[in-house]
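Residue numbers (full-length UniProt numbering): 1 to 260. Heads up, the beta-carbon is just placed ideally off N, CA and C, and yes, glycines get one too. On a predicted model such as this, the values are computed, not experimentally measured, just so you know. Everything below concerns the one structure shown next.
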Amino acid sequence: MLRRELPAGIEEGRLIRVAAGRIAPGPDQSPLQPHQPWPEDAQPLAYWYDEPIALVVEQQAEEHWPEGREWLARLPEPWFALVSTALQVAAWLRDHRHCGRCGVRAARLDAEFAMHCKQCGHRNYPRISPCIITLVTHGDAMLLARSPRFPPGRYSTLAGFIEPGESAEEAVHREVYEEVGITLGQIRYWRSQAWPFPHALMLGYFAEAKTRRIRIDGIEIADAAWFSPTRLPQLPPPYTISRALIESHLARVKAGSQSK
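Shown next as structure tokens:
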């Protein structure tokens, strides 16, 4: 399992090679390369089953390197934390090589995930963008929507970034109303998931709709509809918190019907 402790001062172990959101497969077809001395530019990452892991950000991926989503779809659930961490840290190292305040080349610190500017003293850390993701229900029915970017036939829960000065609960009400025109009653926080595309933290909520009338925005949402537990569209992949919200609701509905 993943131990979130930087293997600082260690010069060898296993490597994860990342480029443009793709991860190089190792000889065992996992995301890990064999135990080896680490190159100078390797970023110590964590411990995986007590073995030190470092990250190397490559300039270009080879064609056979799977994308991050492919890895998450094929690997067992415990790998999610390691793959997610590698992808997010790789994106941060790629995008924050220079100081955001004065523009000078920044230097990576060894003891923490941090880039330090020796000229002005500014320090930046991996960016994490909080988002809400919400399953809106009305009784047993679920409100699911399609983004224009989705594969044909796929519907999912509603999601959006939290804006400056806004609470997560305010974001739930605002995003749902903006995207589908639904006013909410009671909302309930469930759990969160790191989402490394590229640096989101998804805060999962259940929300009960006050009405069933839908008015889509036509921009972020291409279609939305109410679905019963017995009539479902193509759902999000199993590794997503969106799918977990849906499955949790379906399990609750099933448990309720069996107790009657």
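Query, Result
"Contact between the segment 127-145 and the segment 189-199 (3+ Cβ pairs under 8 Å)", "yes"
"S167, buried or exposed, once every other Cβ within 10 Å from all chains shown has been counted against 16", "exposed"
"Cβ-Cβ distance between A24 and Q60 below 9 Å", "no"
"Beta-carbon proximity check, A42 vs L6, cutoff 9 Å", "no"
"Contacting residues, own chain, Cβ-Cβ under 7 Å from I132 (five flanking each side not counted)", "A159, G160, I162, A168, A171, V172, E175, L203 and Y205"
"Span of the alpha helix (DSSP H), counted from its first residue to its last, around T85", "W79 to D95"
"Within 9 Å, strictly: CB atoms of P237 and A86", "no"
"Distance between Q119 and residue 303 (C-alpha atoms, nearest Å)", "With the chain represented from 1 up to 260, any question about residue 303 goes unanswered, as that position is not in the structure."
"Rounded distance between the beta-carbons of A145 and V180, thought under 8 Å", "6 Å"
"8 Å Cβ shell around Y239 - same chain, five flanking residues per side excluded", "L72, A73, E77 and F80"
"Closest residue to T183 among T211, G13, R69 and E67 (Cα-Cα distance)", "T211"
"Entirely enclosed alpha helix (DSSP H) segments - the UniProt domain \"Nudix hydrolase\" (126-249), minimum 4 residues", "168-180"
"Unbroken beta strand (DSSP E) run spanning R17, endpoints", "E12 to A19"
"Per-residue burial, Q29 [other beta carbons within 10 Å of its own, 16 or more giving buried]", "exposed"
"Neighbourhood of T137 by C-beta distance below 8 Å, restricted to the same chain and skipping five residues each side", "L143, F206, A207, E208, A209 and H249"
"Residues near S84 by beta carbon distance below 6 Å, same chain, minus five either side", "A194 and P196"
"Through-space distance from P233 to S257, alpha-carbon basis", "21 Å"
"DSSP three-state assignment for W48, whether helix, strand or coil", "strand"
"Proximity to F32 [Cα-Cα], best of I53, E12 and E40", "According to the sequence as given, residue 32 is Leu; it is not Phe. Closest by alpha carbon: I53."
"Spatial neighbours of I154 in its chain, beta-carbon cut-off 6 Å, leaving aside the 5 residues before and after", "Checking the displayed sequence, the identity of residue 154 turns out to be Arg instead of Ile. Here the set comprises Q234."
"Pairwise C-alpha distance: R215 and residue 330", "This structure does not reach residue 330, given that the chain is present from 1 up to 260, and the question cannot be answered."
"Pick from E12, G103, F113 and S192 that is closest to T134, judged by C-alpha positions", "S192"
"Cβ distance (whole Å) where E12 is taken to contact P44 below 8 Å", "Wrong, their Cβ atoms sit about 11 Å apart, outside the cutoff."
"A141 beta carbon less than 9 Å from that of S242", "no"
"Nonlocal neighbours in the same chain, by C-beta distance under 7 Å from R4, ignoring five residues either side", "A46"
"For A24, the three-state DSSP class (helix, strand or coil)", "coil"
"Of the residues C102, L82 and G139, the one placed nearest K254, counting alpha carbons only", "G139"
"Enclosing alpha helix (DSSP H) for L72 [first to last residue]", "G68 to R74"
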